[in-house]
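In what follows, a single structure is set out as structure tokens and then discussed.
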Amino acid sequence: MVPTHMTPTEDALRLTGVTGALSPLLLALGLVAAMIAVAGAVRVVAVRRARREARLWDCGGGPMSARMEYTATSFAEPLQRVFDDVVRPEHDVDITHYRESRYLVDEVSYRLRVPDRVEHRLYRPVLAGVRAWGRAGPRLANGSVHLYLGYGFVVVCGALILLVATR
Amino acid sequence: MSVAGVISALLQIVLVAVGSPLLVGVMRQIRARLEGRAGAGVLQPWRDLRKLARKQPITPRGTSEVFRTAPLLMLATTVAVVAVAPFVTIAAVPDAGTDLFVVVALLTLGAAALALAGLDTGTAFGGMGASREITILALVEPTLLVAIFALSVPVGSTNLADIVTSILHNPSRAITPANLLAGVALGLAVVAETGRLPVDNPSTHLELTMVHEAMVLEYAGPDLALVELASAMRLSVFLGLWATLFAPWGIAADAGVGVLALGTLVFMVKVTALGTALAAGEVFLAKLRLFRVPELLAGSFVLALLAVVASFFFG
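Line by line, the protein sequences give chains A and B.
According to my numbering, the first sequence is numbered sequentially starting from 1.
According to my numbering, the second sequence is numbered sequentially starting from 1.
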């Protein structure tokens with residue numbers, strides 16, 4: 001479905017060329033109405049007792065300290081592992097042992113970085129090319145009228161040769 | 001929206017709300033019988049819901065409003081989809097139409113709300129379940145959308161009612177290569193979205209393999225009842241959508257009493273048959289390792305892409 005033109009009518013976005021309409025306002029209203037209806041039904045059906053606070057259960061383990069909770073990195077880890085070949089994350093695990101024994105671990109540091117592959121593979125080469133072209137510019141246009149006349153001559157000759165060759 | 005539309009929408013909501021736990025009961029019973037167990041009976045999910053609804057609501061310390069509204073939002077999105085989808089009768093579809101992309105977006109919103117609730121608890125299992133659920137969702141959504149695109153290309157519309165009537169008026173469209181490929185792709189996507197084997201085991205409470213169950217660990221009492229009811233309804237909705245898209249025969253064209261009764265019966269038969277097939281198939285399957293799931297979903301995505309190509313080449 002390629003929405004070439006979107007014509008807004010009063011309450012709905014209509015896509016010309018294909019039938020199908022979407023009304024965000026009606027959708028939101030419907031959703032709120034459904035939530036109110038469900039909440040009302042729960043009040044009627046369920047036992048009306050005051051909410052009680054309780055300890056987080058977490059299979060008997062909870063509640064945890066902030067250091068043990070999920071971070072953005074850990075949350076995205078499965079997805080990142082799925083797209084391993086594309087994003088190519090870089091892991092680093094450094095283990096420092098105690099001087100006395102190799103069996104005792106003093107510190108483990110884990111680092112994970114996802115370098116921006118688009119930046120490296122696409123933007124960097126393009127930017128480098130543009131920069132090289134920019135450096136070449138002053139050498140090509142150094143203010144010499146003779147050089148500019150030469151350019152004009154070469155271009156006219158080239159155009160004439162091209163015209164002869166393509167006739 | 002006409003009176004007939006409102007009546008049909010209410011009928012569909014009541015039918016799915018009452019029938020979904022029964023469907024889950026039937027599926028569990030079939031599985032139990034095939035595995036040589038007696039089973040708890042078809043009514044057991046309803047008994048569980050009644051028991052949970054009578055308990056005192058509990059707020060775990062450290063959770064916010066996100067945790068408390070997620071079950072409501074999940075159920076509300078499902079109810080909204082049931083109200084406008086042509087499950088029993090096309091009369092339930094409002095004049096503006098029921099866009100398939102909106103249906104998928106609503107169902108995904110419900111899943112995302114539950115994932116946020118799992119993350120909101122801040123526990124290890126909540127976070128793990130949410131993380132896995134979002135990973136699977138992110139892989140399933142492209143398949144769903146591309147398969148829907150393949151279905152809508154020959155019809156020229158993403159309106160559910162248009163797709164259904166087009167197949168009803170032109171039955172040979174049901175067996176076009178595009179439709180069959182999209183059917184298989186959507187079937188796999190439905191299995192993944194509803195958390196059935198081999199993607200997620202709905203009956204497991206083995207900590208490290210849970211996806212859906214891990215997210216809802218902190219829910220108790222009426223909140224848990226809402227989550228369970230919403231998951232059961234989502235299962236019915238996905239099976240119903242699949243049946244509506246690929247076997248739309250028996251869907252009533254208007255809202256007369258006779259055709260509504262027939263439409264209800266046919267819908268129940270279709271969804272129960274699909275549920276039975278799913279439950280029977282699950283007996284022979286083991287859960288896939290989490291990092292093998294993407295391969296399965298990539299396969300279904302390829303099928304969906306082939307369906308789009310086929311829909312352009314073979315009409």
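Here a beta-carbon is modelled for each residue, glycine too, at the ideal position from N, C-alpha and C.
What distance in whole Å lies between the Cβ atoms of residue j and residue i, which are believed to be in contact at a cut-off of 8 Å?
i: residue 200 of chain B; j: residue 91 of chain B; result: At roughly 35 Å, the Cβ-Cβ gap does not stay under 8 Å, so residue 200 of chain B and residue 91 of chain B are not in contact.
i: residue 88 of chain A; j: residue 117 of chain A; result: 6 Å
i: residue 42 of chain A; j: residue 265 of chain B; result: 30 Å between Cβ atoms; not a contact.
i: residue 18 of chain B; j: residue 82 of chain B; result: No, residue 18 of chain B and residue 82 of chain B are not in contact; Cβ-Cβ is about 12 Å, not under 8 Å.
i: residue 150 of chain B; j: residue 252 of chain B; result: Not quite, the Cβ-Cβ distance comes to about 26 Å (not below 8 Å), so this is no contact.
i: residue 133 of chain B; j: residue 196 of chain B; result: With 8 Å as the limit, residue 133 of chain B and residue 196 of chain B do not qualify as a contact, their Cβ atoms being about 14 Å apart.
i: residue 5 of chain B; j: residue 94 of chain B; result: 6 Å
i: residue 85 of chain B; j: residue 188 of chain B; result: Their Cβ separation, rounded to whole angstroms, is 21 Å, which puts residue 85 of chain B and residue 188 of chain B out of contact at 8 Å.
Let's test the definition: count the other Cβ atoms within 10 Å of the Cβ of residue i and tell me whether it reaches 16, buried, or not, exposed.
i: residue 175 of chain B; result: exposed
i: residue 148 of chain A; result: exposed
i: residue 29 of chain A; result: exposed
i: residue 228 of chain B; result: buried
i: residue 48 of chain A; result: exposed
i: residue 120 of chain B; result: buried
i: residue 47 of chain B; result: exposed
i: residue 223 of chain B; result: buried
i: residue 70 of chain A; result: buried
i: residue 40 of chain A; result: exposed
i: residue 295 of chain B; result: exposed
i: residue 234 of chain B; result: buried
i: residue 162 of chain B; result: buried
i: residue 25 of chain A; result: exposed
i: residue 13 of chain B; result: buried
i: residue 194 of chain B; result: buried
i: residue 143 of chain A; result: exposed
i: residue 28 of chain B; result: buried
With a Cβ-Cβ cutoff of 8 Å, do residue i and residue j count as a contact?
i: residue 51 of chain B; j: residue 220 of chain B; result: no
i: residue 38 of chain B; j: residue 129 of chain B; result: no
i: residue 118 of chain B; j: residue 127 of chain B; result: yes
i: residue 51 of chain A; j: residue 30 of chain B; result: no
i: residue 280 of chain B; j: residue 34 of chain B; result: yes
i: residue 89 of chain B; j: residue 8 of chain B; result: yes
i: residue 143 of chain B; j: residue 297 of chain B; result: yes
i: residue 285 of chain B; j: residue 198 of chain B; result: yes
i: residue 158 of chain B; j: residue 100 of chain B; result: yes
i: residue 271 of chain B; j: residue 23 of chain B; result: yes
i: residue 217 of chain B; j: residue 59 of chain A; result: yes
i: residue 185 of chain B; j: residue 300 of chain B; result: yes
i: residue 106 of chain B; j: residue 80 of chain B; result: yes
i: residue 179 of chain B; j: residue 238 of chain B; result: no
i: residue 79 of chain A; j: residue 135 of chain B; result: yes
i: residue 260 of chain B; j: residue 73 of chain B; result: no
i: residue 177 of chain B; j: residue 310 of chain B; result: yes
How big is the Cα-Cα spacing for residue i and residue j?
i: residue 156 of chain A; j: residue 166 of chain A; result: 15 Å
i: residue 131 of chain B; j: residue 113 of chain A; result: 19 Å
i: residue 104 of chain B; j: residue 147 of chain B; result: 12 Å
i: residue 123 of chain B; j: residue 63 of chain A; result: 7 Å
i: residue 232 of chain B; j: residue 46 of chain A; result: 18 Å
i: residue 325 of chain B; j: residue 244 of chain B; result: A query on residue 325 of chain B cannot be resolved here, the shown segment of chain B reaching from 1 to 315 and no further.
i: residue 121 of chain A; j: residue 115 of chain A; result: 11 Å
i: residue 96 of chain A; j: residue 67 of chain A; result: 20 Å
i: residue 154 of chain B; j: residue 64 of chain B; result: 46 Å
i: residue 293 of chain B; j: residue 137 of chain B; result: 11 Å
i: residue 61 of chain B; j: residue 115 of chain B; result: 18 Å
i: residue 250 of chain B; j: residue 139 of chain B; result: 33 Å
i: residue 4 of chain A; j: residue 145 of chain B; result: Confidence is the limiting factor: at residue 4 of chain A the pLDDT is only 42, short of 50, which leaves the residue's position unreliable, though a coordinate-based value still follows. For residue 4 of chain A and residue 145 of chain B, the distance between alpha carbons rounds to 19 Å.
i: residue 33 of chain A; j: residue 90 of chain A; result: 48 Å
i: residue 158 of chain A; j: residue 129 of chain A; result: 26 Å
i: residue 108 of chain B; j: residue 109 of chain A; result: 37 Å
i: residue 73 of chain A; j: residue 93 of chain A; result: 15 Å
i: residue 127 of chain A; j: residue 172 of chain B; result: 55 Å
i: residue 314 of chain B; j: residue 169 of chain B; result: 18 Å
Just to confirm the assignment, what range does the alpha helix (DSSP H) spanning residue i have?
i: residue 254 of chain B; result: Residue 254 of chain B -> no alpha helix (DSSP H), and no H or E assigned at all.
i: residue 66 of chain B; result: 65 to 84
i: residue 131 of chain B; result: 124 to 155
i: residue 298 of chain B; result: 293 to 313
i: residue 43 of chain A; result: 24 to 45
i: residue 53 of chain B; result: 44 to 53
i: residue 28 of chain B; result: 3 to 34
i: residue 93 of chain B; result: From DSSP, residue 93 of chain B is part of no alpha helix (DSSP H); its letter is neither H nor E.
i: residue 228 of chain B; result: 221 to 246
i: residue 215 of chain B; result: 212 to 215
Which first and last residues belong to the beta strand (DSSP E) in which residue i is found?
i: residue 59 of chain B; result: 58 to 60
i: residue 92 of chain A; result: 90 to 97
i: residue 108 of chain A; result: 105 to 113
i: residue 69 of chain A; result: First-last for residue 69 of chain A: undefined, no H or E at that position.
i: residue 53 of chain A; result: 52 to 54
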